[in-house]
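Notes follow once the structure below has been shown.
4 protein chains.
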Amino acid sequence: MKSTMRPMVRVLCQATATRSAVLVVACFGAAGLWVAAQSAAPSTGRAPASAGPADPKLIEDLVVANRILAIEGVFDAMGQVSVRHDRDPTRYLMAYARAPELVTPEDIMEFDLDSNPIDARGRPLYKERFIHGEIYKARPDVVAVVHNHSPFVVSFSVSSVPLRALAHSGAFIGDRLPTFEIRGAGGMTDMLVSSLALGRALAQTLGDKPALLMRGHGAVTVGPNLPHAVGRSIYLEVNAKLQAQAMALGGTITYLDPEEARKVEARRDYGRPWELWRRKALFK
Amino acid sequence: MKSTMRPMVRVLCQATATRSAVLVVACFGAAGLWVAAQSAAPSTGRAPASAGPADPKLIEDLVVANRILAIEGVFDAMGQVSVRHDRDPTRYLMAYARAPELVTPEDIMEFDLDSNPIDARGRPLYKERFIHGEIYKARPDVVAVVHNHSPFVVSFSVSSVPLRALAHSGAFIGDRLPTFEIRGAGGMTDMLVSSLALGRALAQTLGDKPALLMRGHGAVTVGPNLPHAVGRSIYLEVNAKLQAQAMALGGTITYLDPEEARKVEARRDYGRPWELWRRKALFK
Amino acid sequence: MKSTMRPMVRVLCQATATRSAVLVVACFGAAGLWVAAQSAAPSTGRAPASAGPADPKLIEDLVVANRILAIEGVFDAMGQVSVRHDRDPTRYLMAYARAPELVTPEDIMEFDLDSNPIDARGRPLYKERFIHGEIYKARPDVVAVVHNHSPFVVSFSVSSVPLRALAHSGAFIGDRLPTFEIRGAGGMTDMLVSSLALGRALAQTLGDKPALLMRGHGAVTVGPNLPHAVGRSIYLEVNAKLQAQAMALGGTITYLDPEEARKVEARRDYGRPWELWRRKALFK
Amino acid sequence: MKSTMRPMVRVLCQATATRSAVLVVACFGAAGLWVAAQSAAPSTGRAPASAGPADPKLIEDLVVANRILAIEGVFDAMGQVSVRHDRDPTRYLMAYARAPELVTPEDIMEFDLDSNPIDARGRPLYKERFIHGEIYKARPDVVAVVHNHSPFVVSFSVSSVPLRALAHSGAFIGDRLPTFEIRGAGGMTDMLVSSLALGRALAQTLGDKPALLMRGHGAVTVGPNLPHAVGRSIYLEVNAKLQAQAMALGGTITYLDPEEARKVEARRDYGRPWELWRRKALFK
């Protein structure tokens, strides 16, 4: 058995190594995982204290989430996904500013809820990290946040036509989702949610919803765990495309009834797709 | 010759192992196939008796069908395909509740026509298995059933514009296909066909047709064998897309004449595409 | 140098072997090519004589053309490409009836211009081979023929909106292309051009044009060599898509002027794309 | 560590070798790079003098840019990307006339600003090289030029509907982009910018803009470096698609305000996507 297994492992590593930067996860598993921030010695007096090392499984899931969203076409070279620290709800974990598809466990950093890094060590930071910090502050129920630029959702974000719940996979859209118009919060900007104030305004627009659109920019999805936040980003795009296609047919459309949407969400579980997405992220 | 072949086989196994869970099929062929349910000792008094081991070739085809539908974009992480047991028309075979792309021969279970599992062994079951059982009850001619969420078909399912037979590959659409409105059968639901009653209502809506649409949800296709049920799912999506594109051009459209559609279906044979799809499912 | 090259070759063969049936071409090159029909002993008195073995390079190009059209999304599991025999203009070469992506040099057969096979040896024949034979009869300038079901072209084939030359890559469309309405030639049929009479009617509709649309079915493209016939199939689909997208914008459209189209075609050369497509077909 | 790394490198080389011609870059890195033109002995009296060997890193980036644009769907088998010589602003570097996806360091040639090759050695030249030379003459700020046929941009190029800045990734579109109508400069042509005069007319139409559309043909994007010119080609297509999708919804659309567009461009940096694109170009 052992001799059969070893070449298999080697093959998996090779294949992964040729395609992505997630090879450490794929080849060496949880053993090689390490929270970059854990032994951080703050370089300035203002750096907040670390909550200690995060669960390696959580780090792996966060790396996998980055890669899933790239494989599924939600992320291109931009976007971010974060998760609340498992040891301290006032800390969250997110990569330094690099393309999500390339993120490895070593790239994950720890932030406080004002989005200050615990141990930056000179690495560049996502300018829009305030989206994440401000949502974690305002929504104790949220454990994971995704910000993306997925294409059909961007098209709806600039249109007077609202995105609506059409298929059961989009039931979380519910009655309608809010759209964040950055002009309302910041006037004429460079379109980035790059300050505490803009992040707070976005979190207020989100309210208690599972997602929001950002005009001319993209979307934010949140959830009680990574699979929910990731799944909502994937199915928000799917539903935007389904609605665009249905509208182009020119007839009348039957949308989900709000009661149907509530019942679908009450039994929602992303366990089955997550198993598939995770496998593809690790071995493809 | 033998020494030339062996490395080839090894290569095929490696390549397959890095991409999917169907590796057992790809590397070891029919020899490794096994009906999970065959030696089942019912764990409760209510579990029905097994019809005995199914033909390993049929199990392989069912695993391949799962993978084909994922590769061709008909299944995402959801959906199911089943086949009637070759030894007993009152039994059918289907995977436990996991993403179709990951299904292996070991995951195939046996069900009676009330959709009770013969030997669940704690594995989760597709909640919508009643679609399959009720159709097998109502339609002795049906040997295979697919339930999917393919995107252009979902867009038609919510539209007042009917999906029609436009190209010869969609001739099975015939005059028109029925749409299952779950509100008619169950009022405000969670959109799942998750009971004997809902499955029966769906089978009644299907009548003697080869396929039906499910409002805000997806489609069901059936056939006298797996290639037919699979091919109809693939070409239902193709035809929905072709019609959406043709309608967007804004002119008048010439659809297939019902007599043309009948003549096309009279000579329909999925042997040639099945050879291609199967190869891709096994070696890609 | 030699030791560096050998592993490279081995790698190329492995990679190809895991993806397609063209492995013989990829791994062993022209040396392994063989016209299946060359030593054929006619099995019935009616079988025509062979023109002798075709140029192995031509056979390789024909296999490559099959694979290119599949990779570029023009062929799905169906469609055919043929080429006139280099030794005898009254013979043409085409695979037996299998999915184009799987075609290997051994699958290539020889036909006379009535589309009788020289040495069928029980292999199934494309029912629509008469498209090819009748065009070779009517058009001495034609050396290669493709019949496909490419999706945007099918959408135009059923629409009252004509496909027009919009981009320079579609200049061969010229003033407009004819559409073959099989009802005019055969009444209510099974939509297949499966007889000499239907093939002749199609060839008459084609006239001296480089391509034609088939209502509810697909297209035919022809050329003075394989790269032209293949390139026209690829760019016919590209142009159909470009026009559909431009029309959806809702404004007025500037099409190519017929004089521009003529000038573009006068300098048309598919050498550069053919080098790329061929490489992908052999090594991917 | 060393023994672990070596097989990894070998694997990367194998994988690359099976997919593309960029293998020299991928396997041997900058060490193997070489400017083909550097030791050129002019074959005719008119050939201009070489500016000397270019920075191997610049050549590698140019090869990578060719491949990125193919992978991202901006180039099909056609198109060109060039970069100004780092030692002499009156020279630029570009491949000989072959499909961009196949370009290797050995294929890069040196041109003067009249688009004469320094050392052609019989290799075919892109007929549209005058686009590049004339822009380098007219725009001292431009260091890189891309000419492409990306599909949604072509659809806008023939439409009376203008392409506009809709998402922040398309902010460089600004107020609007010019469209080059070759009929204005050359009457009825073969649609190619194949002379100094046509190139000059195109450069005049471009003016001080970052991009222009070419009616019935494609687009040109320029930038102060390769990542900018490449990124603008990629996001021009993305934005054309986003706008087409938004317009198809039928409502009113909020475009970027010109002030927003200016502010976005003031902070634009393609470093993060370039890292991802480059990785994919080298290892995929």
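Residue numbers (numbering that gives the first Met the number 0), protein chains in the order written: chain A, 0 to 283; chain B, 0 to 283; chain C, 0 to 283; chain D, 0 to 283. Quick reminder that beta carbons are idealized off the backbone N, C-alpha and C, glycines included.
Reduced DSSP category for residue i - H, G, I as helix; E, B as strand; rest coil
i	result
A:D87	coil
A:E180	coil
B:G132	helix
C:G198	helix
D:P99	helix
D:A143	strand
B:M246	helix
B:V221	strand
D:D256	coil
A:D54	coil
B:D60	helix
B:L292	This structure does not reach residue 292 of chain B, given that chain B is present from 0 up to 283, and the question cannot be answered.
C:F74	coil
B:V160	coil
D:D106	helix
Spatial distance of residue i from residue j (CA atoms)
i	j	result
C:G217	D:M108	43 Å
B:L67	B:L61	Before going further, note that residue 67 of chain B is Ile rather than Leu in the sequence given. Looking at the two C-alpha atoms, the distance is approximately 10 Å.
D:S49	D:L112	12 Å
C:P209	C:V82	15 Å
C:V285	B:R231	This structure does not reach residue 285 of chain C, given that chain C is present from 0 up to 283, and the question cannot be answered.
B:Y234	D:E264	45 Å
D:P223	B:I181	58 Å
A:L191	A:P123	16 Å
B:V237	D:P52	53 Å
A:H227	A:V221	7 Å
B:M187	A:R261	10 Å
C:P177	C:D207	10 Å
C:P279	C:V63	It is Lys, not Pro, that sits at residue 279 of chain C in the sequence shown. The straight-line gap from Cα to Cα measures roughly 9 Å.
B:L57	B:S114	19 Å
C:L205	C:D85	24 Å
B:R128	B:D87	18 Å
C:R214	C:L201	12 Å
Beta-carbon neighbours of residue i, restricted to chain D and to distances below 9 Å
i	result
C:Q79	Here the premise fails: no neighbours, minimum Cβ distance about 23 Å.
C:P272	D75, A76, M77 and A98
A:M93	Near A:M93 there are no residues of chain D at all, since even the closest Cβ is about 14 Å away, more than 9 Å.
Exposure of residue i, with buried meaning 16 or more beta-carbon neighbours within 10 Å
i	result
A:A29	Low confidence applies to A:A29: its pLDDT is 28, below 50, so where it sits in the model is not reliable enough to give any reading.
A:Q79	buried
A:T251	exposed
C:Q203	exposed
D:A35	The pLDDT assigned to D:A35 is 32, lower than 50, so where the model puts this residue is not dependable; a value taken from the coordinates is nonetheless given after this. D:A35 comes out buried.
A:P272	buried
C:D268	exposed
C:A196	exposed
A:S149	buried
D:P104	buried
A:G72	exposed
Within chain D, partners of residue i - CB distance below 8 Å
i	result
C:K262	M187, T188, D189 and M190
Where residue i meets chain A, residues with beta-carbon distance less than 7 Å
i	result
D:E258	M187
Within chain B, partners of residue i - CB distance below 8 Å
i	result
A:T251	S158 and S159
Chain A residues whose Cβ lies nearer than 8 Å to that of residue i
i	result
B:H216	A166 and H167
B:F129	Here the premise fails: no neighbours, minimum Cβ distance about 16 Å.
B:L101	E274, L275 and R278
Proximal residues of chain B, C-beta to C-beta of residue i below 9 Å
i	result
A:A265	D189
Cross-chain neighbours of residue i in chain D, by beta carbon under 7 Å
i	result
C:L255	G215
>> Below 8 Å, how does it come out for the segment 155-174 of chain C and the segment 243-260 of chain C: are there three or more Cβ pairs, yes or no?
In response: yes
>> For the pair the segment 138-153 of chain B and the segment 147-158 of chain A, tell me if three or more CB-CB distances fall below 8 Å.
In response: no
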